[in-house]
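Colleague:
Protein chains in written order, with the numbering used here: chain A, 39 to 441; chain B, 5 to 279.
(1) Would residue 111 (chain B) pass as an interface residue toward chain A - the criterion being a Cβ-Cβ separation below 8 Å?
(2) Do residue 69 (chain B) and residue 32 (chain B) have their CB atoms nearer than 8 Å?
(3) From residue 124 (chain B) to residue 35 (chain B), what does the alpha carbon distance come to, in whole angstroms?
(4) With contact counted as at least three CB pairs below 8 Å, one residue from each stretch, are the region 306 to 325 of chain A and the region 341 to 356 of chain A in contact?
(5) Identify, in the order they occur along the chain, each residue of the same chain with its Cβ nearer than 7 Å to the Cβ of residue 413 (chain A), setting aside the five sequence neighbours on each side.
(6) Can you give me the Cβ contacts of residue 21 (chain B) inside the same chain, cut-off strictly under 6 Å, excluding the 5 residues immediately before and after it?
(7) Using a C-beta cutoff of 8 Å, does residue 61 (chain B) count as contacting chain A?
(8) Which residue spans inside the region 19 to 107 of chain B form an unbroken beta strand (DSSP E) run of at least 3?
(9) Over the uninterrupted alpha helix (DSSP H) stretch that includes residue 112 (chain A), give me the two end residues.
(10) Would you say the region 59 to 71 of chain A touches the region 164 to 182 of chain B, given that touching needs at least three Cβ pairs under 8 Å?
(11) Could you check what DSSP says for residue 407 (chain A) in three-state terms: helix, strand or coil?
(12) Mind checking which residues open and close the beta strand (DSSP E) that includes residue 154 (chain A)?
(13) For chain B, find out if any of its Cβ atoms is closer than 8 Å to the Cβ of residue 454 (chain A); answer yes or no.
(14) Between the Cα of residue 258 (chain A) and those of A:325, A:305, A:320, A:106, spot the shortest distance and give me the residue it belongs to.
(15) For the putative contact between residue 93 (chain B) and residue 40 (chain B), defined by C-beta atoms under 8 Å, what is the C-beta separation to the nearest angstrom?
(16) Taking Cβ to Cβ, would you say residue 403 (chain A) is nearer than 8 Å to residue 382 (chain A)?
(17) Between the region 330 to 341 of chain A and the region 55 to 73 of chain B, are three or more C-beta pairs nearer than 8 Å?
(18) Could you tell me the distance, in whole angstroms, from the CA atom of residue 237 (chain B) to the CA atom of residue 115 (chain B)?
(19) Could you tell me the distance, in whole angstroms, from the CA atom of residue 214 (chain B) to the CA atom of residue 179 (chain B)?
(20) With distances taken from CA atoms, which of A:366, A:271, A:98, A:295 is nearest residue 408 (chain A)?
(21) State yes or no: is the beta carbon of residue 68 (chain A) nearer than 8 Å to at least one beta carbon in chain B?
(22) Ends of the alpha helix (DSSP H) at residue 240 (chain B)?
(23) Taking only three categories from DSSP, how would you classify residue 194 (chain A)?
(24) Would you please verify whether the beta carbon of residue 141 (chain B) is less than 8 Å from any beta carbon of chain A?
(25) With DSSP collapsed to three states, give me the class of residue 124 (chain A).
(26) Please classify residue 218 (chain A) as buried or exposed, where buried requires at least 16 neighbouring CB atoms within 10 angstroms.
(27) Is the Cβ of residue 178 (chain A) closer than 8 Å to any Cβ of chain B?
(28) Between the region 114 to 133 of chain A and the region 274 to 294 of chain A, do at least 3 Cβ pairs fall closer than 8 Å?
(29) According to DSSP, is residue 310 (chain A) helix, strand or coil?
(30) Give me the DSSP bridge partner(s) of residue 371 (chain A).
(31) For residue 19 (chain B), is the classification buried or exposed, using 16 other Cβ atoms within 10 angstroms of its Cβ as the cut-off for buried?
(32) Could you list which residues in chain B have their beta carbon closer than 7 Å to that of residue 62 (chain A), in chain order?
(33) Hey, is residue 54 (chain A)'s beta-carbon within less than 8 Å of any beta-carbon in chain B?
(34) When DSSP labels each residue in this structure, what does residue 151 (chain B) get in the three-state scheme?
(35) Using a Cβ cut-off of 8 Å (strictly closer), state whether residue 164 (chain B) contacts chain A.
(36) Once DSSP output is grouped into helix, strand and coil, what is the label at residue 106 (chain A)?
Structure (structure tokens):
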């Protein structure tokens, strides 16, 4: 038996990662997700599809992203060597575009002319609007009205790119409601519309295909560290909202048994306060948005709103593959509070001259402990999945600076 | 004997050469007592089958009217157990009107499929429509339902082609709910001529009665649908009466308005002679 196939075999034919995942959607959508799966299987085997992806990744997105040795941060903590996988240097400033590119190319193959997306912080919305502009496709982005208010620069960017923004006031007006509204739109416009989901959640095959598109991060990182250090890292780390950047980094290392995986969830005001976004550390399994996974919910199965300083992590669920990796013990999941993330944001900015997004700041907040624990012989790769330009206004507000 | 109650309702209508009226209301909207009064009013005014909505925070297949109904119900702290208790209360005086719970998977999942099935059976529930449990995902629930004869009522839609219909029909019981438009509840209504062939196909493949819903609000629309289907489902139009009652503060308006609408719809449906 080839042991390298043990993690790659997931999801199974029913779209399951162990007991997580699946296709929990209204019947209207079933034929659509079955079509999408069939088209994705074909595209994966088509050298022309891969060639087009590779070309755009290289010349439009700017891949491969560098693997950077964060020397001063390493010195500061006095432990393991810390490398950043610099996906914040991608076009549009985050890892999101890796996935959007793949999905929009799939949509084109399927003859779809209208792309819809949900967005929280706006990074997935901006990336989707960008690719749609590039290919001349109509783009509609659903965004909770709370997020429209707190992410104004990204709303303007999306409009500049030609996207229509639909503020969502239903429910609580955040990312989960934007996703509900996108699903309602998709149910209504089944003929011409492709739903470009931004994270490794949703009904099968989304968790699989988004993972596959994001796995470029881990594939590059694995080759880069072998070239730089001549060995595999001891730890790969990333922040987790839905978990697409983390799974993208983790997945190509899953078969490397010596490599520990650490995901970091948003603990908001603290998990004990109930105001957080840590589905794995503070939730339990349930069914939402097409898949079975860990969710923030009441004992009666009603969904609880997430809270995080980072709009990109502000979601009450998590991708089903992370639920599986956690329950099998293959990955560990820690958490970081709003305040710890703010502190890490400033530390990284001052020591490395890199302004991280608030999302990876959550992973940065835990990297010191991990580095000390490993000692100076250790090696860590942390996914710098987004840059912090979008966050400077909200950080200023938290720091009490009037801009 | 739950499924029998549903079958009997279709038999009665057939004997009267008419289609059935399926009416929907959200349990606990705006409170459980009003829902109880509304259930009785619907039954007294010609509703053959009643779908009772169980509220969920994220109703992704529902339009604005039923979304708001769910929020009102949740604001009143209605739980799935409350919905079952409401049905048990209704069953004290009514042994014949089939009651179907309509909702989403997570509250049922949170209670546990086995616990829910037993409790639903005890309360006098006849079946459920769980919107986000397609045939691919409802096997564990069906297993539990089989112990008590509860029906799994499946949805078919304009996107359900014949091969897919086979899958939808497998394991379905009671009746088939044909969603007339691609869209959410309360959206525009379908042209009956455009879906007649789909309904015929659904009936042929499933061997079950087919009820049509989504977008039907008036007696005239109900009559048009009654010509091509075995039953007509009306939801948002009933729910709007609960909203009006809530907003006016006069909760008695909910059962009154729903009763009047049920009367109008059932008479319109009865006016269409079925073979």
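Ideal Cβ placement from N, Cα and C applies to all residues, glycine included.
Please read these numbers as outputs of a predicted model, since none were measured by experiment.
Modeller: This is what the structure holds:
(1) yes
(2) no
(3) 20 Å
(4) yes
(5) 117, 118
(6) 277, 278
(7) yes
(8) 24 to 30, 53 to 57, 103 to 107
(9) 109 to 115
(10) yes
(11) helix
(12) 152 to 157
(13) The requested residue 454 (chain A) is not part of the displayed model; chain A covers only 39 to 441.
(14) A:106
(15) 6 Å
(16) yes
(17) yes
(18) 28 Å
(19) 6 Å
(20) A:271
(21) yes
(22) 240 to 252
(23) helix
(24) yes
(25) coil
(26) buried
(27) no
(28) yes
(29) helix
(30) A:301
(31) exposed
(32) 109, 136, 137, 141
(33) no
(34) coil
(35) yes
(36) strand
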